[in-house]
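A quick write-up on the structure given underneath.
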Amino acid sequence: MMKVFLSIFLLSIFIVTSCSSNDNNDDDIIIDPIEVNYFPPLTGDTWETSSPTDLQWDNQKLTELNTFLEQNETRAFIILVDGKIVVEEYWNNDLLGQPFDRNSIWYWASAGKSLASTVVGIAQEEGYLNIDDKTSDYLGNGWTNMSQDKEDLITIKNHLSFTTGIDYNVTDEQCYDPTCLNYLADAGNEWYYHNGTYLITHDIIEAATGVTNNQYTNNTVLSKTGMTGQWTNTALFTNVFFSNARSAARFGLLTLAEGNWDGTTVLGDSTYFNAMTNTSQNINEAYGYLWWLNGKSTLRFPGSTATIPSSLTPSGPLDMISALGKNGQFIDVVPSLNMVVIRMGNEPSGSLVPVILHDEMWEKIVETIN
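Under mature numbering (1 follows the signal peptide of the UniProt record, and there is no 0), the residues of the sequence shown are numbered -21 to -1, 1 to 349, in order.
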């Protein structure tokens, strides 16, 4: 029934103009520290595995899950439990038309937002910025087309939580030139998934640290976790992260371990980490700092100002946090299961956040692991 409701909602998402908000959320999840007993080496292809049979998973259901994923244009699928690979599958072709494998490069789309949020937290921990600072402290006055008093209301935290109040009624949500950034509401009073307001975080990182976004990400995250990849501009999109699936799994494992990697602190600010992975404002309780949160009673989808009575992924674990991107780029982190799930590929609907595919995938994962 919930799938039917979500499907009807998504069909009407672009004509819904009503706006609502809910009370402050009292259900923030403060996750007990997760003990991850295995991390893969920083270099090479060595990565320990666990058997689905040893974990008492249903192999027939696992076959059905893999069939579902392949039929839905999946390229890569990985499940980690306690850091070890339990499932690793590749299908179809890469962006160059070659058979997809563990070395193939794919885009994260908006799942990269969650990596950017982690990088911002590290920059704050290292003293380069404070998320309560005005954006204009780093970009100077006039980075928007607003009056100065309204522009000065916007902080870095507003970019992380999609509450800048910048007008989303624009023809190009990728544009973050000042002429594209107009006033709609005071910062903190409106939630909208406006990509242009997120992209500004990359400029803030570069202004605060004095190095490129790629350099800072590499120095603080990639080099410490064995990830490979880079932020890239394409013909259609700006600052999209590209990597192989195992690098996405490494990022998920870093997040599962709450910013630690095999004894090395990557993001050590627990206050920031908990804020990042819990509700960040009182309008869309299913959104943290550029992370999606499951287990909430209401949420807003990208492209909508309507709040609906549903969790993000009804079939998934309540404590799951997710980095989600267009065409079904998924990085799911589940502390209660000590699990990370990666899915890369295309998706028939082409939606910004394909929640139906995500929920159906998790329905089949739950059947498999139970």
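The C-beta atom is built at its ideal place from N, Cα and C for all residues, glycine as well.
As assigned by DSSP and simplified to three states, the class of residue i
i, result
"Leu303", "strand"
"Ile84", "coil"
"Val15", "coil"
"Asp311", "strand"
"Thr277", "coil"
"Ile183", "helix"
"Trp341", "helix"
"Thr207", "coil"
"Asn239", "strand"
"Ile348", "helix"
"Tyr266", "strand"
"Val319", "strand"
"Leu272", "strand"
"Gly175", "helix"
"Val190", "coil"
"Phe47", "helix"
"Val245", "coil"
"Ser222", "strand"
"Gly324", "strand"
"Asp213", "The question names Asp, but residue 213 is Thr in the sequence shown. Coil."
"Thr196", "helix"
"residue 437", "The structure shown does not extend to residue 437, since the chain spans only -21 to 349, so no value can be given for it."
"Ile335", "helix"
"Thr42", "helix"
"Thr234", "helix"
"Asp7", "Here Asp7 scores only 48 on pLDDT, less than 50, and its place in the model should not be relied on; the value that follows carries that caveat. Asp7 falls in the coil class under three-state DSSP."
Cα-Cα separation between residue i and residue j, rounded to whole angstroms
i, j, result
"Pro19", "Gly189", "31 Å"
"Ala224", "Ile57", "8 Å"
"Arg279", "Trp170", "8 Å"
"Asn120", "Pro157", "10 Å"
"Gly208", "Glu68", "20 Å"
"Asn3", "Tyr251", "With a pLDDT of only 39 at Asn3, under 50, the local geometry of the prediction cannot be trusted, and the value read off the model is given with reservation. Distance between the alpha carbons of Asn3 and Tyr251: 19 Å."
"Phe230", "Ser89", "14 Å"
"Leu178", "Gln35", "43 Å"
"Thr204", "Leu74", "25 Å"
"Gly238", "Leu48", "29 Å"
"Met(-21)", "Leu272", "The predicted model places Met(-21) with a pLDDT of 44, which falls under 50 and marks its position as unreliable, so this point remains unresolved."
"Val320", "Phe309", "7 Å"
"Ser301", "Val312", "6 Å"
"Thr196", "Val98", "6 Å"
"Asp338", "Asp128", "43 Å"
"Phe221", "Val200", "14 Å"
"Asn325", "Asp248", "35 Å"
"Ser83", "Asn193", "20 Å"
"Pro78", "Arg54", "9 Å"
"Val334", "Gln260", "21 Å"
"Ile27", "Ser290", "A quick correction: the sequence has Glu, not Ile, at residue 27. Cα to Cα, the separation comes out at about 34 Å."
"Trp210", "Leu163", "30 Å"
"Asp131", "Asn161", "13 Å"
"Thr286", "Met340", "24 Å"
"Ala227", "Asp61", "16 Å"
"Glu185", "Leu59", "33 Å"
"Pro327", "Ala236", "33 Å"
"Thr123", "Gly144", "11 Å"
"Thr277", "Asn263", "7 Å"
"Asn198", "Val15", "23 Å"
"Tyr17", "Cys159", "46 Å"
"Gly76", "Asp165", "47 Å"
"Pro314", "Asp116", "36 Å"
"Glu43", "Met125", "53 Å"
Which listed residue (the options) has its alpha carbon closest to that of residue i
i, options, result
"Ile133", "Ile101, Asn148, Gly167", "Gly167"
"Thr213", "Trp87, Glu342, Glu346, Ile348", "Trp87"
"Pro293", "Lys343, Thr258, Asn161", "Lys343"
"Pro31", "Gln50, Ile64, Tyr172", "Ile64"
"Asn51", "Met323, Thr347, Asn349", "Met323"
"Ala265", "Leu297, Glu14, His138", "Leu297"
"Ser283", "Asn257, Thr234, Tyr172, Leu269", "Tyr172"
"Leu232", "Thr42, Asp80, Leu94, Ala187", "Leu94"
"Asp80", "Gln103, Ser315, Asp24", "Asp24"
"Thr234", "Phe216, Met318, Ile348, Tyr155", "Met318"
"Pro288", "Leu59, Gly274, Met255", "Gly274"
"Gln103", "Leu246, Val219, Lys305", "Leu246"
"Thr217", "Thr123, Thr142, Gly175, Cys159", "Gly175"
"Leu303", "Leu316, Ser315, Pro281", "Pro281"
"Lys92", "Trp270, Leu41, Leu336, Asn71", "Trp270"
"Leu118", "Asn72, Gly76, Trp85, Ala187", "Ala187"
"His181", "Asp33, Asn257, Leu108, Trp240", "Leu108"
"Ser96", "Tyr268, Ile183, Glu346", "Tyr268"
"Gly100", "Leu336, Lys305, Ile183", "Ile183"
Alpha helix (DSSP H) runs wholly inside the region 130 to 168, at least 4 long, in chain order: Assignment of alpha helix (DSSP H) within the region 130 to 168, counting only whole runs of 4 or more residues, yields 135 to 140 in chain order.
Segments assigned alpha helix (DSSP H), at least 4 residues, entirely inside the region 49 to 134: For the region 49 to 134, whole alpha helix (DSSP H) runs of length 4 or above, ordered along the chain, are 91 to 104, 115 to 118, 127 to 130.
Cβ contact check for the region 104 to 115 and the region 147 to 165: 3 or more pairs under 8 Å: No: fewer than three Cβ pairs fall under 8 Å.
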